[in-house]
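Here the structure comes first, spelled out in structure tokens, and everything after it is commentary.
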Amino acid sequence: MDIVQDPTVPQGNPEQADAAAAPQAPRIIRREDYLPPAWLVPRVSLDFALGLQRTRVSAVLEVARNPDGASDPVIRLNGDGLTPLSVRVDGEPNNSWTMDGADLLITLPGAAHEITVVTEIEPAANSQLMGLYASNGMLCTQCEAEGFRRIAFFPDRPDVLSTYRVRMSGDKGLFPILLSNGNLAASGDPGDGTHWAEWHDPWPKPCYLFALVAGDLVANRDSFVTCGGRRVDLAIWVRDGDLERTGHAMQSLKNSMKWDEETFGREYDLDTFNIVAVSDFNMGAMENKGLNIFNTRYVLADPETATDGDYDAVESVIAHEYFHNWSGNRVTCRDWFQLSLKEGFTVLRDQLFSQDMGSASVKRIEDVRILRSAQFPEDSGPLAHPIRPDSYQEISNFYTATVYNKGAEVIRMMRTMAGPDAFRKGCDLYFERHDGQAATCEDFIRAIEDGAGLDLSQFRLWYAQAGTPKLTVKLEHGGGKAVLTLAQAVPATPGQAEKRPMPIPLRLALFDRESGSHRGEQLVVLDAEERGYTFDGFAQPPVLSINRGFSAPVAVERHVPEADLVFLAAHDDDPFARYEAMQSLVVQHLTAVIDGGDGASGRAAVGDALAAILEDPALDDLMRGELMILPGEAYLAEQLLIADPGAIHGAREGLKAWLGANLKERFFALHQRAGEAGFGRDAAARGARKIRTQALVYLAAGDPALAAGLAAAQYRAADNMTDRQGALMVLAGLDAPEREELLADFRARYDGNALVIDKWFSIQAASLHPNVLEHVKALARHPDFTLNNPNRVRSLYMAFAANPHAFHSADGEGYRMIADLIVDLDPINAQTAARFVPPLGRWRRIEPARSALMRAQLERISRVDRLSRDTYEQVMRSLG
Ligand code: TRP
Ligand code: ZN
0 MDIVQDPTVP QGNPEQADAA AAPQAPRIIR REDYLPPAWL VPRVSLDFAL GLQRTRVSAV
60 LEVARNPDGA SDPVIRLNGD GLTPLSVRVD GEPNNSWTMD GADLLITLPG AAHEITVVTE
120 IEPAANSQLM GLYASNGMLC TQCEAEGFRR IAFFPDRPDV LSTYRVRMSG DKGLFPILLS
180 NGNLAASGDP GDGTHWAEWH DPWPKPCYLF ALVAGDLVAN RDSFVTCGGR RVDLAIWVRD
240 GDLERTGHAM QSLKNSMKWD EETFGREYDL DTFNIVAVSD FNMGAMENKG LNIFNTRYVL
300 ADPETATDGD YDAVESVIAH EYFHNWSGNR VTCRDWFQLS LKEGFTVLRD QLFSQDMGSA
360 SVKRIEDVRI LRSAQFPEDS GPLAHPIRPD SYQEISNFYT ATVYNKGAEV IRMMRTMAGP
420 DAFRKGCDLY FERHDGQAAT CEDFIRAIED GAGLDLSQFR LWYAQAGTPK LTVKLEHGGG
480 KAVLTLAQAV PATPGQAEKR PMPIPLRLAL FDRESGSHRG EQLVVLDAEE RGYTFDGFAQ
540 PPVLSINRGF SAPVAVERHV PEADLVFLAA HDDDPFARYE AMQSLVVQHL TAVIDGGDGA
600 SGRAAVGDAL AAILEDPALD DLMRGELMIL PGEAYLAEQL LIADPGAIHG AREGLKAWLG
660 ANLKERFFAL HQRAGEAGFG RDAAARGARK IRTQALVYLA AGDPALAAGL AAAQYRAADN
720 MTDRQGALMV LAGLDAPERE ELLADFRARY DGNALVIDKW FSIQAASLHP NVLEHVKALA
780 RHPDFTLNNP NRVRSLYMAF AANPHAFHSA DGEGYRMIAD LIVDLDPINA QTAARFVPPL
840 GRWRRIEPAR SALMRAQLER ISRVDRLSRD TYEQVMRSLG
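0 is the number of the first residue of the sequence shown in numbering that gives the first Met the number 0; add one for each residue after it.
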């Protein structure tokens, strides 16, 4: 091995590079600065000599000048904490290379060359979980967005597409299974205790889609025959002992493959599709070509250890990553500003899939709830950004609810305006035009315009403007006419003071009060600041149902007469609108109480509406369960200019207790009735489980002693995790004798099952118990707690940060605990640490005393030396 390391060239400290230390002058990447690459890499060959402590990587890059790029004799190969052990050009040792920070620069004389660089990496020491790392004795990779540069020097940008040949060799005992992208080309066993495998991926891809897995794994194998007659071998790889919990993931995968053929005309394109489950993972899952890598929590499920919600999450994440094969892999992103091109579209695709697999209306309500609780606060806070951002310091910080969920809503609006068939034509055109390319959001919009026959000129503003539009609604009646006046305002957001009106598609219906019916739904597109619409033939003032199905991601600001909301909550034939009416009824009541009103009449209206819902025989229980859920505290806070979390919590809990006491017999009867259904995964049985715990939640507020007994009985009799977790969640909030006993039982019963022990941490951190801060502090010292596993960190601290009465403790202790966590976690796992900053960033919209405490914690974090770029960017933007 020729070691040509030049001692005169500054190599940088790999330790420092590893933590991505915040630069003095922060590096700001701007969308408008995009330039095509000067060099392309049509072919790559990687050779891995695998070891947990040390892995040697030899990378051979066939590079060629890009005819569409600038002419530059220097090729930039990004690195992150790498040292070149050997650099060759066209087979000859090369001395022309230099380091520019962490990047390797090589001057090349001609138009095409072969570059070979050898590096050595330390997977076991990689706690950031980006690049090649060790998890439970196995090796795996995570390269999106910029992790490949931690494995090999390479132009780490998504517009450089290459075909990959990957050879790996390693100890047969440690790594009996060797996987990479594409198809297995060859394998061998030299008889010295090692073995090797060679994988070839025929589809050009950016390096963020590269993956490698080596470890002791077992597979659930199956197969799928595509619409074109290709037989695909499917395998879900897990640790021995987890095999029995992979059936739901496999079924979800086969359903996804079939659905994408039928609904989007997308066929799979390799002979193999592998999924690997790993327990140390920064996000949910990753769509690496032909080798998806998953967080175990989105693969493993059985009734004893997974809730109905967990089953749904597995189904949707399996679908999401599979759908990326077309929306993300075959057509990828030109640069990371285009992230929503693949993520927004793929989220929409997985949402539509889940709608088709189960209850479409319940799925829609759940998706809107996620948007409102996660994305609306983002859009109204210091981290607000358009679905196509204009600049970033660290791209990992832009894997957000805005890019993903609002991105999906924006494409859903195009579908609503075009209609499903025309939208499909637009999608077909997009895939046809851009197959094999690195595309932009603009390319997508143009394909939908051309294919679906829409004019989206003004609609493009949805990609450029941040902030949730506020829609004001006025309905007047007179002379047999109803006149509807709609107005919009897009609020100012950081860096965007002035906004222009956007096209807002609104599905609406006008109900006749007497008959309880309407004359058909209409689609109105509000494309100006204000417009009036007249509807003839209404002798009586109609009841307006607007933004049905949540056709646009806007906040409707309108004080609706209580009677109209009660009417819609009982009669609206659009299930989302019915849910919405119930939510509005509660929001109007609670905001009145928070404003100091006594709220008695509003409370009675909520009580009557809820009682009707509990007993409506026409409702299925899954939908009934949705209608029973009170708006969350984060969403309530969004309704107020300045929120007092204590007052919100008090008002909401007060209403719950009043409802629980007033409707006690009904909740009790519902709990009993729901307990009679046997276990099943069908909608009826799932619905029964959902309302069962919902009933318990209300009873716990209204009659804690009664609820404690019922919860303990439900826990003990449970033959599934949904009932057991629901009961324990209720008990964890009560000062009941069964609390300690059953928490201990749960801990012991699932000893060794990491995903269920995560639940044990979450249940306690999310509880309504008055001593939750003390509980969380004790749990952080528990032997099962570790900062090295992101699932465990999130199970304790995300649950805590999302628990308003704990996080917003008036003395600021909750803020201090989250800030301590960020500081401690940042050097270990910067990406995960940075995700805890946004809860503190809400300070501007919180009452003054708490606001000052939150800000003080952000300032304390900002003074820490050597913060990661991830955390530094989030803290600075939050301070504003
Ligand atoms: N592309 C992945 C998804 O489906 C997101 C992802 C997985 C990711 N792991 C990551 C993003 C690590 C950033 C860093 O949606
Ligand atoms: Zn995705």
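Just so it is clear, CB atoms sit at the ideal spot from N, CA and C, and this is done for glycine as well.
Here the structure is a predicted model, which means the values were calculated and not measured.
Nearest-angstrom Cα separation, counted from residue j out to residue i
i: proline 22; j: arginine 868; result: The predicted position of proline 22 is uncertain, since its pLDDT is 48 and thus under 50; a value taken from the coordinates is nonetheless stated next. Straight-line Cα distance between these residues: approximately 7 Å.
i: glutamine 127; j: asparagine 788; result: 10 Å
i: isoleucine 274; j: glutamate 266; result: 18 Å
i: glutamate 872; j: glutamine 713; result: 46 Å
i: isoleucine 545; j: alanine 359; result: 19 Å
i: phenylalanine 375; j: leucine 824; result: 27 Å
i: glutamate 286; j: alanine 69; result: 31 Å
i: aspartate 594; j: arginine 651; result: 13 Å
i: isoleucine 394; j: alanine 144; result: 7 Å
i: threonine 484; j: phenylalanine 293; result: 48 Å
i: threonine 140; j: glycine 90; result: 28 Å
i: isoleucine 2; j: isoleucine 120; result: Model confidence at isoleucine 2 stands at a pLDDT of 36, short of 50, so the residue's coordinates are unreliable and nothing is read from them.
i: alanine 218; j: isoleucine 176; result: 10 Å
i: alanine 446; j: asparagine 125; result: 42 Å
i: leucine 897; j: threonine 193; result: Residue 897 cannot be examined here, being either before or after the span of the chain that is shown, 0 to 879.
i: phenylalanine 575; j: glutamate 408; result: 15 Å
i: isoleucine 410; j: serine 222; result: 32 Å
i: glycine 596; j: glycine 631; result: 20 Å
i: leucine 252; j: arginine 862; result: 47 Å
i: leucine 635; j: leucine 629; result: 10 Å
i: glutamine 487; j: tryptophan 202; result: 46 Å
Which listed residue (the options) has its alpha carbon closest to that of residue i
i: phenylalanine 549; options: Glu320, His384, Arg368; result: Arg368
i: histidine 570; options: Arg530, Arg512, Arg29, Glu632; result: Arg512
i: phenylalanine 272; options: Ile545, Asp279, Val231; result: Val231
i: alanine 726; options: Asp744, Asp734, Glu739, Ala707; result: Ala707
i: leucine 340; options: Gln354, Phe352, Trp325, Leu351; result: Trp325
i: alanine 700; options: Lys655, Glu664, Thr118, Asp270; result: Lys655
i: phenylalanine 397; options: Met728, Gly181, Thr870; result: Thr870
i: glycine 136; options: Gln52, His774, Ala636; result: Gln52
i: glycine 879; options: Gly494, Gln250, His112; result: Gly494
i: leucine 709; options: Ala210, Asn182, Leu730; result: Leu730
i: leucine 507; options: Arg577, Pro703, Ala488; result: Arg577
i: serine 278; options: Leu754, Ser861, Arg841, Ser168; result: Leu754
i: alanine 210; options: Asp268, Met249, Met129; result: Met129
i: phenylalanine 352; options: Ser255, Leu269, Leu299; result: Ser255
Expected contact under 8 Å - CB spacing of residue i and residue j to nearest Å
i: valine 565; j: alanine 608; result: 5 Å
i: tryptophan 96; j: arginine 64; result: So it is not a contact: roughly 18 Å between Cβ atoms.
i: alanine 184; j: histidine 199; result: 4 Å
i: aspartate 301; j: arginine 244; result: 5 Å
i: isoleucine 498; j: glutamine 521; result: The sequence given here has lysine at residue 498, not isoleucine. The pair is not a contact, with the Cβ atoms about 26 Å apart (cut-off 8 Å).
i: threonine 115; j: arginine 87; result: 4 Å
i: glutamate 342; j: glycine 406; result: 6 Å
Close Cβ partners of residue i (< 8 Å) along its chain, the five nearest in sequence each way excluded
i: glycine 479; result: Asp535, Gly536, Phe537, Ala538
i: leucine 584; result: Glu561, Leu564, Val565, Ala568, Gly601, Ala604, Val605, Ala608
i: aspartate 434; result: Arg329, Val330
i: isoleucine 641; result: Arg844, Ile845, Glu846
Neighbourhood of residue i by C-beta distance below 7 Å, restricted to the same chain and skipping five residues each side
i: methionine 416; result: Leu453, Pro504, Val524
i: aspartate 349; result: Ser315, Ala318, His319, Phe322
i: tyrosine 33; result: Asp334
i: valine 792; result: Leu786, Leu824, Thr831
i: isoleucine 27; result: Ser390, Gln392
i: aspartate 810; result: none
Contact set for residue i: own chain, Cβ-Cβ below 6 Å, skip 5 residues either direction
i: threonine 492; result: Ala383, Ala465, Gly466
i: leucine 60; result: Val40, Val43, Ile114
i: glutamate 197; result: Arg166, Ala184, Ala185
i: arginine 854; result: Trp842
Looking at C-beta atoms only, is the number of pairs between the stretch 138–157 and the stretch 42–59 that lie closer than 8 Å three or more? yes
Given 8 Å as the limit, is there contact between the stretch 408–428 and the stretch 440–451, that is, 3 or more CB pairs closer than that? yes
With a cut-off of 8 Å, do at least 3 Cβ pairs link the stretch 374–388 to the stretch 845–863? no
Is the stretch 634–653 in contact with the stretch 678–698, if contact means three or more CB pairs nearer than 8 Å? no
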